[in-house]
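A quick write-up on the structure given underneath.
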Amino acid sequence: MSFLNEMLGAGGATLGYVIPFLFVLTLVIFVHELGHFLVARWTGVKVMAFSIGFGPELFGFDDRHGTRWRLAAIPLGGYVRFKGDDDAASTPDVDALERMTPEQRKGSFFYAPLASRAAIVAAGPIANFLLAIAIFACVFMAVGRPSTDAVVDQVEPGSAAAEAGLTPGDRVVAIDGKEIRSFTDMQRIVTTSAGQTLRLTVERGSTELTLAATPRQREMTDGFGNKQRIGVLGVTRSTSTANVRHETFGPIDATIEGTKETWFVVASTARYLGRLVIGRESADQIGGPIRIAKTSGDVATLGFVALINLAAILSVSIGLLNLMPIPMLDGGHLLFYGVEALRGRPLGARAQEFGMRIGLALVLMLMIFATWNDIVHLSSLG
Numbered sequence: 001m002s003f004l005n006e007m008l009g010a011g012g013a014t015l016g017y018v019i020p021f022l023f024v025l026t027l028v029i030f031v032h033e034l035g036h037f038l039v040a041r042w043t044g045v046k047v048m049a050f051s052i053g054f055g056p057e058l059f060g061f062d063d064r065h066g067t068r069w070r071l072a073a074i075p076l077g078g079y080v081r082f083k084g085d086d087d088a089a090s091t092p093d094v095d096a097l098e099r100m101t102p103e104q105r106k107g108s109f110f111y112a113p114l115a116s117r118a119a120i121v122a123a124g125p126i127a128n129f130l131l132a133i134a135i136f137a138c139v140f141m142a143v144g145r146p147s148t149d150a151v152v153d154q155v156e157p158g159s160a161a162a163e164a165g166l167t168p169g170d171r172v173v174a175i176d177g178k179e180i181r182s183f184t185d186m187q188r189i190v191t192t193s194a195g196q197t198l199r200l201t202v203e204r205g206s207t208e209l210t211l212a213a214t215p216r217q218r219e220m221t222d223g224f225g226n227k228q229r230i231g232v233l234g235v236t237r238s239t240s241t242a243n244v245r246h247e248t249f250g251p252i253d254a255t256i257e258g259t260k261e262t263w264f265v266v267a268s269t270a271r272y273l274g275r276l277v278i279g280r281e282s283a284d285q286i287g288g289p290i291r292i293a294k295t296s297g298d299v300a301t302l303g304f305v306a307l308i309n310l311a312a313i314l315s316v317s318i319g320l321l322n323l324m325p326i327p328m329l330d331g332g333h334l335l336f337y338g339v340e341a342l343r344g345r346p347l348g349a350r351a352q353e354f355g356m357r358i359g360l361a362l363v364l365m366l367m368i369f370a371t372w373n374d375i376v377h378l379s380s381l382g
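Heads up: the sequence shown runs through residues 1 to 382, numbered per UniProt numbering.
Take a look at the structure:
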């Protein structure tokens, strides 16, 4: 009986990760592919298939335009296949295209104008960014946002803040000239600025001071046991009622805040990648499907709002990933189109095929590396 209970418990725990993971990933992938699909329809390119997942079809139907809508067995991606494509990566079927009559070429992705092809490809990542803005905006409208003034309550002895001269009661009003409206604003800059000297504009009573502080990198563990390295000053916020408030937003303000939130995720990711390239960040923060599944399950325990916020962050990440100039990804196709615009004609079939092979190798290596990171990460959690 105890064995059965353990099996049921393990199954329940697995479902607790799988269901949130599938919800988050399916939402993000569906919107990404929907962006490609809608712009293709708008520009007159025929869509042969719209697939969520890869591999064998589990369920599907044909719409009145001849598009096959399908749900596939491997839910780790999706694709839109256009007329004239040889595969899900929109590699052209050169032989089939050459045999097409002028009438048959109508609606083919390959023979669409360059601007139309670029718009169709770019629409996927753009849809991801719009989804993130919409999610953040809806959350801001529905539940608002708690906010605490950037007033220092305590300063950790020997910390970066102590060395900079911060004292309890100081109010940080700007960092490097950027207005600080809340403690969260200050945290967001500090956590991504380890080792960088920041210029803090501080109100101390009726006096305004400028202090130089260099956040120190520290490894922090969240409530789920996940570790991450962030910059810290060594201060705590004031939680007195005079400094705590709850912000509410109308549709316009919520959209503006949602756009800012999306840009913050974009900028933070770009900053991390830049620091990774120059060796100031470790690649162990890069995660794959396993870590996404674990994070989804962990966040789901905090409620639907937290889970949908994770979906917005993941949507931005998917959009950015697809814009990387790697063949096989949307950014790689846009790179090809940029070359085509400069040359006045497309790259040759052999050059595109070679690029696609390189892109496939890079994507596979990234997936293997991310999965290895996930396994190491889970092992470290014990």
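Positions of the beta carbon are idealized from the N, C-alpha and C atoms, including for glycine.
Proximity of residue i and residue j at Cβ, strictly below 8 Å
i	j	result
residue 81	residue 48	yes
residue 72	residue 61	no
residue 308	residue 363	no
residue 150	residue 213	no
residue 339	residue 329	no
residue 152	residue 235	yes
residue 24	residue 302	no
residue 334	residue 119	no
residue 430	residue 237	No information on residue 430 is available, as it lies outside the stretch 1 to 382 that the chain covers here.
residue 198	residue 180	no
residue 67	residue 50	yes
residue 204	residue 219	no
residue 268	residue 192	yes
residue 143	residue 18	no
residue 297	residue 332	no
residue 242	residue 200	no
Pick from the options that is closest to residue i, judged by C-alpha positions
i	options	result
residue 272	246, 189 and 345	189
residue 159	101, 209, 231 and 76	231
residue 349	342, 257 and 110	110
residue 76	52, 163 and 180	52
residue 78	39, 28 and 195	28
residue 22	59, 63, 74 and 38	74
residue 156	233, 173, 186 and 187	233
residue 240	169, 277 and 252	169
residue 145	261, 38, 178 and 102	261
residue 207	368, 85 and 171	171
Where the beta strand (DSSP E) containing residue i begins and where it ends
i	result
residue 174	171-175
residue 201	198-204
residue 329	No beta strand (DSSP E) holds residue 329; DSSP gives it neither H nor E.
residue 56	47-62
residue 317	Taken as a continuous stretch (DSSP letters only), residue 317 belongs to no beta strand (DSSP E), being part of the alpha helix (DSSP H) at 304-322.
residue 145	145-148
residue 242	From DSSP, residue 242 is part of no beta strand (DSSP E); its letter is neither H nor E.
residue 163	Segment 160-164 is the alpha helix (DSSP H) holding residue 163; no beta strand (DSSP E) there.
residue 210	207-213
residue 384	No answer is possible for residue 384: it lies beyond the span of the chain, which begins at 1 and ends at 382.
residue 237	235-237
Other residues of its chain near residue i: CB distance less than 8 Å, five sequence neighbours each side excluded
i	result
residue 107	44, 45, 46 and 83
residue 124	32, 33, 35, 36, 319, 322 and 330
residue 6	In this predicted model, residue 6 has a pLDDT of only 40, less than 50, meaning its place in the structure is not dependable; the value taken from the coordinates is given anyway. Nothing listed; no residue qualifies.
Nonlocal neighbours in the same chain, by C-beta distance under 6 Å from residue i, ignoring five residues either side
i	result
residue 300	20 and 307
residue 57	70 and 72
residue 254	137, 140 and 141
residue 366	none
residue 258	133, 136 and 137
residue 194	215, 217 and 231
residue 324	331
residue 65	none
Other residues of its chain near residue i: CB distance less than 7 Å, five sequence neighbours each side excluded
i	result
residue 209	202
residue 127	31, 32, 34 and 35
residue 266	316 and 320
residue 182	147, 148, 149 and 150
residue 105	111
residue 426	No statement about residue 426 is possible, as the shown extent of the chain runs from 1 to 382 and does not include it.
Limits of the alpha helix (DSSP H) - the one that residue i falls within
i	result
residue 190	183-191
residue 73	Where residue 73 is concerned, there is no enclosing alpha helix (DSSP H), although the beta strand (DSSP E) it sits in stretches over 68-82.
field: Segment contact, 8 Å Cβ cut-off, at least three pairs: the segment 309-328 with the segment 120-134
entry: Touching, yes.
Inset, instruction - Evaluate the contact criterion for the segment 136-150 versus the segment 33-43: three or more CB pairs, one atom per stretch, below 8 Å. - result: The segment 136-150, when compared against the segment 33-43, does not touch it at the 8 Å Cβ threshold.
* To do: For the segment 248-255 and the segment 111-123, state whether three or more C-beta atom pairs, one from each stretch, are separated by less than 8 Å.
  => With a cut-off of 8 Å, the segment 111-123 and the segment 248-255 do not count as touching, because too few Cβ pairs lie within range.
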